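The block underneath contains the structure these notes are about, expressed in structure tokens.
What follows is the structure, given as structure tokens:
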């Protein structure tokens, strides 16, 4: 049996097709196919507050391709979510209707709190020490979602309009940064030690570049050194010399800045990078929806 997850982000659009594995009483999933299309919807949404005809057409075509792939892979259930860019596009709902009519995909534009909930639905904390305190940090193109867990319980969660595309377009506001810092200080001061859990394409790439082994966490010092190293290259050289994708080479610098700011503010020394994202949370949510036993 196969499920699919679609994540329409501010930088890229993703389709994950996953095989659901039933093993006695446990249900898990294995990634089968992951496709990422760098549409960069945020450039339109954050500057003009609407998607241009060209971007909207590209998004509809991408959704049609995703629909065809889901049919070929015989996907039995799916969820499609759009995040920060579509939240801000005044023609977002109109495009949702076009996608329904032209690609036969039901798409939901989710608010930041639901986005955060979907990300930690991937149950990352189950693979680490539940007795500890963790701050989930998910950095996207348009927003940063923060969720604080202590002893496996959610303490606080909030979404902030700070993201990599937003920063590149100079659409991040100083008061939003201050609001995020206040939220972190207020909710973390009662905890002596907090570890970070980083999700999103940029932290996954940074972790790969760090060459840490055996799922060891990334230290603040190592992250800062990576930031300095990447910043020493021009955008062109980050693409040609370091081999970064064009749509990753520019956003990775502001992503570093967001992660470092959050870690510094929360006094986080180490960040775990489980290389999961919103699409993993969506698949997990589908499993829980379809396999939950009636009480």
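Numbering (this note's numbering), first residue to last: 326 to 620.
Where a beta carbon is used, it is the ideal one built from N, C-alpha and C, also for glycine.
This structure is a prediction, so every number in the text was calculated from the model and none was measured.
Nearest CA to the CA of residue i: which residue from the options?
i, options, result
"residue 362", "617, 331, 457, 369", "331"
"residue 358", "370, 482, 371, 343", "343"
"residue 445", "615, 353, 603", "603"
"residue 683", "504, 467, 517, 596", "The chain is shown from 326 up to 620; residue 683 falls before or after that span and cannot be answered."
"residue 473", "495, 501, 489, 510", "510"
"residue 481", "461, 426, 489", "461"
"residue 338", "379, 529, 408, 353", "408"
"residue 335", "371, 349, 529, 350", "371"
"residue 621", "611, 531, 599", "Here the chain covers residues 326 to 620 and nothing more, so residue 621 does not appear."
"residue 440", "484, 560, 368", "484"
"residue 533", "378, 597, 475, 350", "597"
"residue 512", "501, 471, 489", "471"
"residue 333", "347, 475, 435, 543", "435"
DSSP three-state label for residue i, please.
i, result
"residue 620", "Reliability fails at residue 620, whose pLDDT of 42 lies under 50, so the model's placement of it is uncertain and the value that follows must be treated cautiously. In this structure, residue 620 counts as coil in the three-state DSSP scheme."
"residue 492", "helix"
"residue 596", "strand"
"residue 612", "helix"
"residue 467", "coil"
"residue 402", "strand"
"residue 553", "helix"
"residue 518", "coil"
"residue 583", "helix"
"residue 523", "strand"
"residue 458", "strand"
"residue 569", "coil"
"residue 366", "coil"
"residue 544", "strand"
"residue 377", "coil"
"residue 475", "strand"
"residue 371", "helix"
"residue 498", "coil"
"residue 390", "helix"
Excluding the five sequence neighbours on either side, which residues of its own chain have a C-beta within less than 8 Å of the C-beta of residue i, listed in chain order?
i, result
"residue 570", "363, 564"
"residue 558", "566, 567"
"residue 420", "376, 381, 384, 385, 411, 414"
"residue 493", "575, 576, 579"
"residue 585", "545, 548, 549, 552"
"residue 538", "none"
What are the boundary residues of the beta strand (DSSP E) that includes residue i?
i, result
"residue 355", "351-362"
"residue 481", "478-485"
"residue 705", "The chain is shown only over 326 to 620; residue 705 falls outside these bounds and no answer can be derived."
"residue 328", "327-333"
"residue 340", "338-348"
"residue 434", "432-434"
Take residue i and list the residues in its own chain whose beta-carbon comes closer than 7 Å to its own, dropping the five residues that flank it on each side.
i, result
"residue 497", "487, 491"
"residue 518", "458"
"residue 368", "490, 494"
If we count the other Cβ atoms within 10 Å of its Cβ and call it buried at 16 or more, is residue i buried or exposed?
i, result
"residue 554", "exposed"
"residue 637", "Residue 637 lies beyond the range of the chain shown here (326 to 620); nothing can be said about it."
"residue 520", "buried"
"residue 524", "buried"
"residue 326", "exposed"
"residue 541", "exposed"
"residue 356", "exposed"
"residue 366", "buried"
"residue 616", "exposed"
"residue 589", "exposed"
"residue 605", "buried"
"residue 353", "exposed"
"residue 522", "buried"
"residue 613", "exposed"
"residue 573", "buried"
"residue 346", "exposed"
"residue 397", "exposed"
Looking only at its chain, what residues have a beta carbon closer than 6 Å to the beta carbon of residue i, apart from the 5 residues adjacent to it on each side?
i, result
"residue 430", "388, 392, 405, 424"
"residue 536", "none"
"residue 329", "342, 395, 400, 403"
"residue 360", "340"
Residue i lies in the alpha helix (DSSP H); which residues open and close that run?
i, result
"residue 428", "417-428"
"residue 441", "437-445"
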